[in-house]
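S.K.: Before I ask anything, let me first share the structure, which is written out below as structure tokens.
Residue numbers (my numbering): -18 to 93.
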């Protein structure tokens, strides 16, 4: 860490502990400027409302993402079940690849 500037080290310390006390002992202007702006944003009621709206949007998007991820996993499980049934019926690997959309390696893992 000897190659990092004093101001960058102060900033990293501020990220760990962003209190007024930490800023009071900062030598450079970077941390003081950032802290001032953070305090302005925290004290701005309109900014708080905007943040809450953004948070709700993110939560909605994340919820959608989780549903899509779950759907993708269910589809993969279905493809593996289909491949397993085809393996039980002694279907050729090429045919299983074509209909299951699984790779040869994935099918061979199922076979084991």
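No residue lacks a Cβ here, since even glycine has one placed at the ideal position from N, Cα and C.
Values in this document were obtained by computation on a predicted structure and should not be read as measured data.
(1) Can you tell me the Cα-Cα spacing of residue 84 and residue 78, whole angstroms?
(2) Rounded to a whole number of angstroms, what is the C-alpha to C-alpha distance between residue 97 and residue 91?
(3) Need the endpoints of the alpha helix (DSSP H) that residue 2 sits in, please.
(4) Are the stretch -18 to -3 and the stretch 6 to 17 in contact at 8 Å, needing three or more beta carbon pairs?
(5) Specify the secondary structure class of residue 84 as computed by DSSP and reduced to three states.
(6) Taking the alpha-carbon positions, what's the residue 32 to residue 88 distance?
(7) If you run the structure through DSSP and keep just helix, strand and coil, what is residue 72?
M.R.: Taking the geometry as given:
(1) Distance from the CA of residue 84 to the CA of residue 78, rounded to the nearest whole angstrom, comes to 6 Å.
(2) Here the chain has residues from -18 to 93 only, and residue 97 is not among them.
(3) Looking at the DSSP string, the run of the alpha helix (DSSP H) that includes residue 2 is 1 to 5.
(4) Contact between the stretch -18 to -3 and the stretch 6 to 17 is present, because at least three Cβ pairs lie under 8 Å.
(5) In the three-state scheme derived from DSSP, where H, G and I count as helix and E and B as strand, residue 84 is classed as coil.
(6) When rounded, the distance between both Cα atoms is 47 Å.
(7) DSSP places residue 72 in coil when its eight states are reduced to three.
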